[in-house]
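Chemist: Quick one: the structure is below, questions incoming.
2 protein chains.
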Amino acid sequence: MYPKLSKLKAKYIRQLALKKYRLEKTAFILEGKKSIHLLLTSDYEIKFIVGTVSFFKANPDFFIGYEKPIEIFEVSNVELSQLGSFTNNQDILAVVSMPKQNQPIIYSTGITLALDNIRDPGNLGTIIRIADWYGISTLLCSQSTVALYNPKVLQASMGSFMKVNIHYVDLSNYLAESKLPIIGAMLGGENVHNFSFPDRGILVIGNESSGIQDEIKKNLTHSVSIPGYSSAESLNAAMATAIVCDNWKRVDYNHKKDSGC
Amino acid sequence: MYPKLSKLKAKYIRQLALKKYRLEKTAFILEGKKSIHLLLTSDYEIKFIVGTVSFFKANPDFFIGYEKPIEIFEVSNVELSQLGSFTNNQDILAVVSMPKQNQPIIYSTGITLALDNIRDPGNLGTIIRIADWYGISTLLCSQSTVALYNPKVLQASMGSFMKVNIHYVDLSNYLAESKLPIIGAMLGGENVHNFSFPDRGILVIGNESSGIQDEIKKNLTHSVSIPGYSSAESLNAAMATAIVCDNWKRVDYNHKKDSGC
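Take a look at the structure:
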């Protein structure tokens with residue numbers, strides 16, 4: 391049995407649906423059992439947690455092993471569905487402190503991913519999940535890219551946002567100063583199936599409709615395209631990210647294969 | 391200047407948001423300029439079209455080259471946003487006859503795609519777009535897969551649903567009777583980077599949470615996995631489809647490469 395959530399705290403949670411309030415309170419909401427399970431083992435500072443009576447009954451061991459003191463409140467299923475962004479969340483949500491973005495950017499070994507003006511929250515979340523899958527530790531986002539703590543971004547990332555270092559930067563400046571190969575995914579580039587990917591470099595993914603901006607394009611050292619086999623105009627930005635990363639990572643296998651020839 | 395939309399027709403359009411009415415009226419709604427542009431060059435039978443005054447003013451040539459007689463109605467921006475599923479659609483929508491699904495299924499040359507219980511409309515739409523990109527002409531869906539004419543499926547497919555033959559079938563029966571290699575994308579399969587894809591075969595993609603059902607699994611002749619480079623649990627079903635298709639299609643390039651060794 392945990393204490394009931396106060397009306398004041400409920401109001402505070404509902405406000406965090408808006409970016410304006412998230413920035414003002416430097417806090418965001420994370421929803422769902424799986425994501426919060428990951429949150430408990432992360433470095434994020436949890437302000438408090440709200441769960442349904444039925445969730446706590448079904449998951450009595452949920453907080454076992456979590457050592458920091460934590461405020462937990464109980465609500466009904468209906469109340470929880472009115473608090474968060476996902477009305478089908480009948481389980482749990484956490485209010486989390488937004489970390490300060492003042493750590494220095496360290497390019498990943500291997501691929502560093504850079505997003506130029508990705509606008510769709512689902513796409514950003516999915517791209518974060520892809521970055522995690524491919525062991526990419528650093529993701530650079532242009533300032534115009536959709537906000538990380540948008541609930542739809544967090545949901546689509548399936549917890550992966552906690553495992554990738556995500557920085558919002560003046561992307562054009564950053565790329566101009568980088569000494570690494572900078573590879574853009576765009577129409578008219580070299581066939582991604584034949585391209586010799588470097589051991590280390592930055593992969594730039596452009597906006598869903600307009601692709602990579604001219605200002606960013608001038609910093610590219612290479613460009614790659616995914617061969618299509620129809621009259622379809624384009625692949626979704628997240629798809630393109632996944633396919634280029636997969637081709638980049640298979641380099642290891644090709645190296646071995648070539649040396650065996 | 392086109393006639394105003396009647397209240398009766400407006401009600402009819404709003405009803406088509408529900409699957410029950412789509413099946414009863416054997417009609418569905420398609421929204422957005424790009425999709426309707428493709429619709430006009432397709433074999434689909436258009437019942438009527440509704441657009442905003444501002445859209446018709448900005449696109450006076452939109453119907454040029456379309457030869458069949460067509461009923462067109464005019465509404466305000468606010469009215470259009472209340473008719474369809476996408477309140478940001480300020481342009482145009484079409485009411486389209488649902489084609490009868492009685493044509494025989496012809497397996498694609500190359501890859502035929504089979505979906506086992508894909509539930510998320512965005513995933514199905516994205517997978518249709520991937521199929522189109524990779525020139526896959528036949529997509530088989532289990533009966534439990536989300537309905538094709540769901541507005542979110544159509545939107546995510548970006549018009550590609552008109553270029554791929556999509557059949558809802560008893561997937562287990564179909565696979566049992568097929569003589570083609572049947573390859574499942576699943577954990578624990580052969581590394582997709584090393585796998586020798588056949589010239590022709592069926593690729594099975596499973597449900598977002600639970601993967602391929604046991605009943606379907608027993609029909610697989612092979613299974614493949616996408617190597618990950620982190621502790622991330624899984625890739626989204628649409629991502630997995632894109633990556634496996636990309637690996638399958640690059641076979642051509644590898645063949646050439648091997649023969650040059």
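So the protein lines, in turn, are chains A and B. Take any residue in the first sequence, note its place counting from 1, add 390, and you have its number in the working numbering. Take any residue in the second sequence, note its place counting from 1, add 390, and you have its number in the working numbering. We put the beta carbon where it would ideally sit given N, CA and C, even for glycine. Only a predicted model underlies this, so the values are computations on that prediction, with no experimental measurement involved.
Check whether the Cβ of L577 of chain B lies closer than 7 Å to any Cβ atom in chain A.
Modeler: Not an interface residue.
Chemist: Any Cβ of chain A within less than 7 Å of the Cβ of R509 of chain B?
Modeler: Chain A contact via Cβ: absent.
Chemist: Mind pulling the chain A residues with CB within less than 8 Å of D589 of chain B?
Modeler: Chain A residues near D589 of chain B: none, gap ~14 Å exceeds 8 Å.
Chemist: Which same chain residues end up closer than 8 Å to K394 of chain A when comparing Cβ atoms and leaving out the 5 residues on each side of it in sequence?
Modeler: Answer for K394 of chain A: F463, E464 and V465, listed in chain order.
Chemist: Go ahead and pull the three-state DSSP assignment for Y392 of chain B.
Modeler: Note: Y392 of chain B maps to coil in three-state DSSP.
Chemist: Am I right that L529 of chain A and I556 of chain A are in contact with their C-beta atoms under 8 Å? What's the rounded C-beta distance?
Modeler: At roughly 5 Å, the Cβ-Cβ gap stays under 8 Å, so L529 of chain A and I556 of chain A are in contact.
Chemist: Once DSSP output is grouped into helix, strand and coil, what is the label at I616 of chain B?
Modeler: In the structure shown, I616 of chain B sits in coil (DSSP, three-state: anything other than H, G, I, E or B).
Chemist: Looking at the secondary structure, which residues open and close the alpha helix (DSSP H) in which T528 of chain A lies?
Modeler: Segment T528 to S532 is the beta strand (DSSP E) holding T528 of chain A; no alpha helix (DSSP H) there.
Chemist: Quick check: is the beta carbon of W523 of chain B nearer than 7 Å to any beta carbon in chain A?
Modeler: So, interface residue.
Chemist: Would you grab the beta carbon distance between A521 of chain B and V594 of chain B for me? Rounded to a whole angstrom, and I think it's under 8 Å.
Modeler: A521 of chain B to V594 of chain B, Cβ: 13 Å. No contact.
Chemist: Under 7 Å between the Cβ atoms of I602 of chain B and D506 of chain B?
Modeler: Against a cut-off of 7 Å, the Cβ pair of D506 of chain B and I602 of chain B comes out as a contact.
Chemist: Assuming A484 of chain B contacts I439 of chain B (C-beta within less than 8 Å), just tell me the rounded distance between them.
Modeler: Indeed, because the Cβ distance is near 5 Å, the residues count as touching under 8 Å.
Chemist: To the nearest angstrom, how far is it from the Cα of S613 of chain B to the Cα of G579 of chain B?
Modeler: Rounded to the nearest angstrom, the two C-alpha atoms are 5 Å apart.
Chemist: May I have the straight-line CA-CA distance separating I592 of chain A from E623 of chain A, to the nearest angstrom?
Modeler: Cα to Cα, I592 of chain A sits roughly 25 Å from E623 of chain A.
Chemist: Taking buried to mean at least 16 other C-beta atoms within 10 Å of its own C-beta, is L538 of chain B buried or exposed?
Modeler: Buried, because 16 or more other Cβ atoms sit within 10 Å of the Cβ of L538 of chain B.
Chemist: Checking 7 Å against the spacing of the C-beta atoms, do T416 of chain B and M488 of chain B come in under that value?
Modeler: It is a contact, given that the beta carbons lie within the stated cut-off.
Chemist: Could you give the distance in angstroms between the alpha-carbon of D560 of chain A and the alpha-carbon of P571 of chain B?
Modeler: For D560 of chain A and P571 of chain B, the distance between alpha carbons rounds to 49 Å.
Chemist: Below 8 Å on the Cβ atoms is my guess for I517 of chain B versus T631 of chain B; work out the distance and round it to an integer in Å.
Modeler: Yes, they are in contact, since the Cβ atoms of I517 of chain B and T631 of chain B sit about 5 Å apart, within 8 Å.
Chemist: In its own chain, which residues sit with a C-beta less than 7 Å from the C-beta of I436 of chain B, not counting the 5 before and 5 after it?
Modeler: These residues qualify, in order along the chain: L429, I460, A484 and V486.
Chemist: Determine, for M629 of chain A, whether the minimum Cβ-Cβ distance to residues of chain B falls below 7 Å.
Modeler: Closer than 7 Å to some Cβ of chain B, the Cβ of M629 of chain A qualifies, so yes.
Chemist: Any idea what DSSP makes of K397 of chain A, helix, strand or coil?
Modeler: The answer is helix: DSSP assigns K397 of chain A an H, G or I state.
Chemist: Going by DSSP in three states, Y497 of chain B sits in which element: helix, strand or coil?
Modeler: Y497 of chain B: coil per DSSP, three-state reduction.
Chemist: Whose Cβ in chain B lies nearer than 8 Å to the Cβ of D550 of chain A?
Modeler: Here residue 550 of chain A is Ser; the residue named in the question, Asp, does not match the sequence. Those are A622, listed as they occur along chain B.
Chemist: Just how far apart, CA to CA, sit I616 of chain B and I495 of chain B?
Modeler: Their Cα atoms are separated by approximately 29 Å.
Chemist: With DSSP run on the structure shown, which of helix, strand or coil describes N637 of chain A?
Modeler: N637 of chain A falls in the helix class under three-state DSSP.
Chemist: Would DSSP call M576 of chain B helix, strand or coil?
Modeler: If DSSP states are grouped into helix, strand and coil, M576 of chain B belongs with the strands.
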